[in-house]
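**Q** First the structure, then my questions, so here it is.
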Amino acid sequence: LMGIAGGADLVEGGRAAGNQWIADYVGNCYHKPCDAWSPDWDLTGAVQDIELFRVLLEDLGNSTRWPDWRAESEFRAVRERSEAARR
Numbered sequence: 001l002m003g004i005a006g007g008a009d010l011v012e013g014g015r016a017a018g019n020q021w022i023a024d025y026v027g028n029c030y031h032k033p034c035d036a037w038s039p040d041w042d043l044t045g046a047v048q049d050i051e052l053f054r055v056l057l058e059d060l061g062n063s064t065r066w067p068d069w070r071a072e073s074e075f076r077a078v079r080e081r082s083e084a085a086r087r
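Sequential numbering of the sequence shown, starting at 1, is according to this note's numbering.
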């Protein structure tokens, strides 16, 4: 299962740096006048995540391959009934 969510694991510095950044931000800026977007933020990881999802969605959108439900899933029958419409 994949999802988009923020995290503390920074590309530069890893979890230690990310956890420190969050602690500093929450302790010093959260719900204060400085609680706003800043051009100093390192969004490298977010950009990488978005690019990954773009590639996956582009591949799926331009493909005849479709994800499938497990055999025991209650949604599998619905997917199988709509198979002809996806071709």
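Every residue, glycine too, gets a C-beta built ideally from N, C-alpha and C.
(1) Taking DSSP as the reference, what is the three-state secondary structure of L43?
(2) How long is the line joining the alpha carbons of D35 and E74, rounded to whole angstroms?
(3) In chain order, which continuous runs of the alpha helix (DSSP H) of length 4 or greater are located wholly inside the segment 5–43?
(4) Distance check for V47 and R81, CA to CA, integer angstroms please.
(5) Can you grab the Cα-Cα spacing for the pair N19 / A8, in whole Å?
(6) So, do the segment 44–58 and the segment 10–17 have three or more beta carbon pairs nearer to each other than 8 Å?
(7) Alpha helix (DSSP H) containing E80: first to last residue?
(8) Pull up the distance between the alpha-carbon of R76 and that of S63, whole angstroms please.
**A** According to the data block:
(1) In this structure, L43 counts as coil in the three-state DSSP scheme.
(2) Taking the straight line from one Cα to the other gives about 45 Å.
(3) Runs found: 14–28.
(4) Computed Cα separation, rounded: 37 Å.
(5) Distance between the alpha carbons of N19 and A8: 6 Å.
(6) With a cut-off of 8 Å, the segment 10–17 and the segment 44–58 count as touching, because enough Cβ pairs lie within range.
(7) Where E80 is concerned, the enclosing alpha helix (DSSP H) stretches over R76 to R81.
(8) Taking the straight line joining both Cα atoms gives about 20 Å.
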